[in-house]
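Below: one structure, written as structure tokens.
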Amino acid sequence: MGMDFSTLRTLISRYCVGEENWVDNRTIYIGHKEPPPGAEAFIQQRFPDNRIVSSKYTFWNFVPKNMFEQFRRVANFYFLIIFLVQLIIDTPTSPITSGLPLFFVITVTAIKQGYEDWLRHKADNSVNQCPVHVVQHGKVVRKQSRKLRVGDVVSVKENETFPCDLILLSSSRDDGTCFVTTASLDGESSHKTYYAVQDTRAYNTEKEVGSIHATIECEQPQPDLYKFVGRINVYMDNEPVARPLGSENLLLRGATLKNTEYIYAVAIYTGMETKMALNYQSKSQKRSAVEKSMNAYLMVYLCILISKALINTVLKYVWQADPNRDEPWYNDRTEAERQRHIMIRAFTDFLAFMVLFNYIIPVSMYVTVEMQKFLGSYFIMWDDEMFDEELGERAVVNTSDLNEELGQVEYVFTDKTGTLTENNMEFIECCVDGHVYVPHAICNGQVMPGATSMDMIDTSPGPGAREHEELFFRALCLCHTVQVKEEETVDGIKQGIHQGKSTSFYISSSPDEVALVEGMKRLGFTYLRLKDSQMEILNREDEIERFQLLEVLTFDSVRRRMSVIVRSSTGELYLFCKGADSSIFPRVVSGKVDQVKARVEHNAVEGLRTLCVAYRPLSPEQYQEVCHLLNGAKLALQDRDKRLAEAYDIIEKDLILLGATAVEDRLQEKAADTIESLHQAGMKVWVLTGDKMETAAATCYASKLFRRNTQILELTTKRTEEQSLHDVLFDLSRTVLRQHGGMTRESFSGLSGDCTDYGLIIDGATLSAVMRPAQEDSNSGNYKEIFLEICRNCSAVLCCRMAPLQKAQIVKLIKASKEHPITLAIGDGANDVSMILEAHVGIGIMGKEGRQAARNSDYAIPKFKHLKKILLVHGHYYYIRISELVQYFFYKNVCFIFPQFLYQFFCGFSQQPLYDTAYLTLYNISFTSLPILLYSLIEQHINMDILRRDPSLYRDIAKNSLLRWPIFIYWTILGVYDAFVMFFGCYFLFDNTTFTSNGQLMTTNTQMMFGNWTFGTLVFTVLVFTVTFKLALDTHYWTWINHFVIWGSLIFFVVFSLLWGGIIWPFLNYQRMYYVFMQMLSSGPAWLSIILLITASLLPDVVKKVICRTLWPTTTERIQNADKLYEGQLSEFTPLASLHAPSKAGSLRRGSGNQRNSPNPRRSEPFTKKIMFTRWQRTPDYSTFAPLLRFADGSRHSKQGHAYGGAGPETSV
């Protein structure tokens, strides 16, 4: 047989019985070598190649797939149906009238999507074709990345990126380690250490690596970046030696090799199965609130259309019921048509009316909106104020579909480290046995100028304390995972720190560690290097001390500490441990705990990141016991992490406290000012961070998220241990609701002084308990509701100790709450990606860390401070523009098609079109499309400086206020009124007519030939001029481009009409329109009626605006009036508080107390007066200034200048 039973059993168990084993594991043959005979069955599995695909279409499926996606849109599908109806049945208008606009829309969208996909293909190709080096038969061969297969042994050199997921076999370093940065994966630019398999790390040349005989068994690919379980079987003399594989052996695609000359590794996951590719969360299509409103309006207009068609069909048959009023002979119906069943005739007529009136649905609105979003997004990218010189980066727009959503944000969820803070650690001080040491400032390796001597606050510790102090400094020099990067000098000789200090710097997976080691260097203890398990330190006397590194108990987020076991040159054994205060203090048995604890709490309140340091001397017997424990745990294949954690727990006890350190992560520039502006704009700001509560709370105070008078409510593990979660939640809700009397936060300003400001702090563990699904036997089902109710009434919320997935859960919870608020998430690291993808609008910060957040976001900005402009200015403008665009489109289409409906009452419901085919087709494409597109790109209803200075204006457009139903109904009624005026105005003005002998109409006063095409053209002319003038009246910001486009489109209409009527170019003698336009213009009454009807159409809207602006002006309108009054100079000098509506002014005045205390510079009373005086010295009479100051409530300006709480430093004075 040649196949023994064990092999057969393996096959059967794989394919049949143990199906789950087959699914969960994969076997990889290193270098594609078969295992030795009798070891196990050689089953070569099929794996995907290493090609990465992020594109959506291929050359072959682009047309069908794109068409399918486009016709899923209601409007496109509707127009396709109308177009097909026009082709099939005899309809009053040509199929071109609906086919051409549809073709235009579909083509433009397809070109845009095709171009975007082509860019993705280009990016994919550049990745897939980059060269990689593969070891084959003992030689290195160059291949394209896409041809790499699972099992190939790959050679990677320093600073190269890993082409797929690899298991490290050996490296150029003797200990088989390599250093890697994973910035592109998780945003961390720090160096991480990875380890080679211990049996293969000695193979250092191509030939040796090519001779490795081994198989790897591991789990099937999964997206968790930090988890990997596997086993390698290395065949020595045909006997397999099994070794465990964990995440410390796995090099991920996209990470970069650092500080290591070269490595050899084997490919285990390729292409779309790599962890990086599995983390490409398919971005769900985000839809803005405006798009939802558009679709709702579209359904309303569809109903109007169907009802119009129904009314006309019914009335047609009612009218024809009279035998004298059968269809006119000139309609030329055949006998067969007359004999058809009445239902079929009625249905055909209904479809014909649908086609006739279908222009009420604005198909071109969708393409205009697409163009407006696409072109409008360039204004963010071109904004010089959002350019960061330090990074050399501008803002980036990844999704232009959400521009207007930036003007609707109600909740902002922000990360702390790297977003609010710089993630730039600086060693501030250390405390040893209560003595505080403060070196000169050191920031990421840069020693500040003039920092030569050591500056100590307390330099007189006793003799015993001196020994303790040195032990503390040594502990910090040894207890870390920092590497020393030695750069070569000009002559090629590598120099250490003690020879030439400028040639070396520290790198680590944690910026805190680098700051601590640099801090020790300033205090006289310099860490030199780790070589052959020997750590070298240069002490204060410039002597080199050597310690043998025996064990590293690595840091993890559960233990929140790390330890090292070292042997000094004199043979003593020490365990040094550093970690968070909450994880060190319970394990300490002696030391000056109270003094150190007091200092740690003091520093935490100041917003510094604190760590405690402790040690324990070990006897040789204890050390042997420790080794035994650790080795047992490390070799376990099952529950390895759990067993290691238990071992660490036993080892790290009975510690002696040495002291504590404080490191600062500085706030980003203008972070506090930005948060204050967002609060004034009515947004709730939540900080979601993985940091500990005290540090995060201090950052929140520094960034003005919490004010000094904010009452802090805690919902933390500490509190839920004392009381049940149920009681804590009900206590908090009682506290909040008693103060606010059940009133939600929206009903008053965030600055109001007579209401207590609440801030909530919650931690990850308590949040998990709140979010837990309800048990049937408990009453925990409504915890989420109570929690939301508390949050709604707090001005700020801080969530600390959050896992990345919890951040997304919080956003999802708020999104799904009953108000359905618009949410925005902003972060800088890969741990923020899930939250960025979950929120309505995701913003990534291009930090020093990787770019994963920026790549996955809808918008990427260089710094947190730019959030202010992108929301308060760009977001505001985008929303104003697109809401006008949507309402205006529906309005102009009602004006356009309603006269057609009225005309049916005068033509025996014979489906006779009022307008010519050319006019029907070009109305939305040419005559009226450019002015509104331009308006929606450059309109600025209020000066940019004012929007930035007065964030509360953002509240005026909150909750989709410009696309509410009352406003939509007003625009529709206005459109219907205009249509009535146009139609009946033309009808009555030309009612004074006599019939001539040939059936033509002739007006008595002008002897003008007047037929139905002349009548339609007259109505159309009034229509085009009215809707264009309406837009001109709505425009606040005039430039030469506006003038060119608005008047240019009217001139184009006139020129086209002359061309079409064969006047300019006789060859275009289109029969029914021949000379119609010219004849119409040759009549005096026609000119008069055009002017009169345009005026009559626009008058009610103008009158309504004047009355409303005078009697009930909004804050926006007050500022517009003031700006016009002072020739656009308002932003330069006016205290904006005086322009607010009385109610708002009141609440702002109440808040002025808070504003005066804030450290930012504010406009003071004398300063404001001085500017007012100098501004008006041109005129002798100063009283002209009074109206501006009486806008609010008639009172003169007194101390109200303080009420403005905008950005002090950004105010342009």
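Residue numbers (the numbering used here): 517 to 1729.
Beta carbons are placed, not taken as given, at the ideal position from N, Cα and C, and that holds for glycine.
For this session: Look at Y751 and P553 and say whether their C-beta atoms are less than 8 Å apart.
Result: no
Problem set entry | For V1543, the nearest candidate out of T1611, S1598, L1479 and G1600 (CA to CA) | T1611
Problem set entry | For T933, the residue or residues it bridges with in DSSP | None; T933 has no bridge partner.
Exercise. Count the other CB atoms within 10 Å of the CB of E1238; is the residue buried (16 or more) or exposed (fewer)?
Worked result: exposed
Problem set entry | P756 - containing beta strand (DSSP E), residue span | E755 to L761
Problem set entry | D681 - DSSP class collapsed to helix/strand/coil | strand
For this session: Rank Y710, A730, Y573 and N919 by C-alpha distance to the C-alpha of R1397 and give the top, closest one.
Result: N919
Exercise. Which one of T1177, L1401 and L1478 has the shortest CA to CA distance from E1029?
Worked result: T1177
Exercise. For the beta strand (DSSP E) that G1501 lies in, which residues bound it at each end?
Worked result: Here G1501 belongs to no beta strand (DSSP E); instead the alpha helix (DSSP H) covers W1481 to L1505.
Exercise. Three or more C-beta pairs closer than 8 Å, one from the region 644-653 and one from the region 762-774: is that the case here?
Worked result: No, they do not touch.
Problem set entry | Best match in E550, T884 and S1079 for proximity to L1450 [C-alpha to C-alpha] | T884
Exercise. Are at least three pairs of beta-carbons, each pair with one atom in the region 1335-1344 and one in the region 1215-1232, less than 8 Å apart?
Worked result: no
Exercise. Once you ignore the five residues that flank L664 on each side, which residues in its own chain have a CB closer than 8 Å to its CB?
Worked result: D565, N566, V648, V650, V670, P679, C680, A783 and T786
Exercise. Looking only at C-alpha atoms, which of E909, D1639 and L1549 sits nearest to V1622?
Worked result: Measuring from the Cα of V1622, the nearest candidate turns out to be L1549.
Exercise. Is the Cβ-Cβ distance between S1333 and L1304 less than 8 Å?
Worked result: Between S1333 and L1304, the CB-CB gap stays under 8 Å.
Exercise. Under the three-state reduction of DSSP, which class applies to Q1416: helix, strand or coil?
Worked result: helix
Exercise. Given a threshold of 16 other Cβ atoms within 10 Å of its Cβ, counted over all protein chains shown, does Y631 qualify as buried or as exposed?
Worked result: Around the C-beta of Y631, fewer than 16 other C-beta atoms lie within 10 Å, and the residue is accordingly described as exposed.
Problem set entry | Boundaries of the beta strand (DSSP E) in which P1133 is found, first to last residue | R1125 to L1134
Exercise. Measuring CA to CA, which of I1302, V1112 and T997 is closest to H707?
Worked result: T997
For this session: In the DSSP assignment, find the unbroken beta strand (DSSP E) run with L1171 in it and report its ends.
Result: L1171 to L1183
Problem set entry | Nearest-angstrom beta carbon gap, T1232 and D1279 [assumed within contact, 8 Å] | 5 Å
Exercise. Opposite E1067 in the DSSP bridges: which residues?
Worked result: I1081
Exercise. What span of residues does the beta strand (DSSP E) with T1339 cover, start to end?
Worked result: T1339 to G1343
Problem set entry | Selection from R1075, V1080 and N1055 that minimises the alpha carbon distance to E1067 | V1080
Exercise. Whose CA, out of A718, L766 and A1319, lies closest to the CA of P737?
Worked result: Taking each of A718, L766 and A1319 in turn and checking the Cα distance to P737, the smallest one comes out for L766.
Exercise. Going by the beta-carbon positions, is the gap between I559 and V666 smaller than 8 Å?
Worked result: no
Exercise. Apart from the five residues just before and just after E1648, which ones in its own chain have a Cβ nearer than 6 Å to its Cβ?
Worked result: Note that E1648 has pLDDT 43, beneath the 50 cutoff, so the model's placement of it is unreliable and the number below is only indicative. Nothing meets the Cβ criterion.
Problem set entry | Other residues of its chain near H637: CB distance less than 8 Å, five sequence neighbours each side excluded | S571
Exercise. Does DSSP put R542 in a helix, in a strand, or in coil?
Worked result: strand
For this session: Return the residue from the list S1426, F1414 and Q1456 that minimises the CA-CA distance to S823.
Result: In terms of CA proximity to S823, F1414 leads the group S1426, F1414 and Q1456.
Exercise. Considering only C-alpha positions, which residue in the set I1172, S1098 and L1089 is nearest to V1105?
Worked result: I1172
Problem set entry | Contact under 8 Å by Cβ, E938 with Q1184 | yes
Exercise. By DSSP, does K743 sit in helix, in strand, or in coil?
Worked result: coil
Exercise. Among F869, K832, T864 and P839, which one has its Cα closest to the Cα of A825?
Worked result: F869
Exercise. Which one of K655, R542 and S642 has the shortest CA to CA distance from S661?
Worked result: S642
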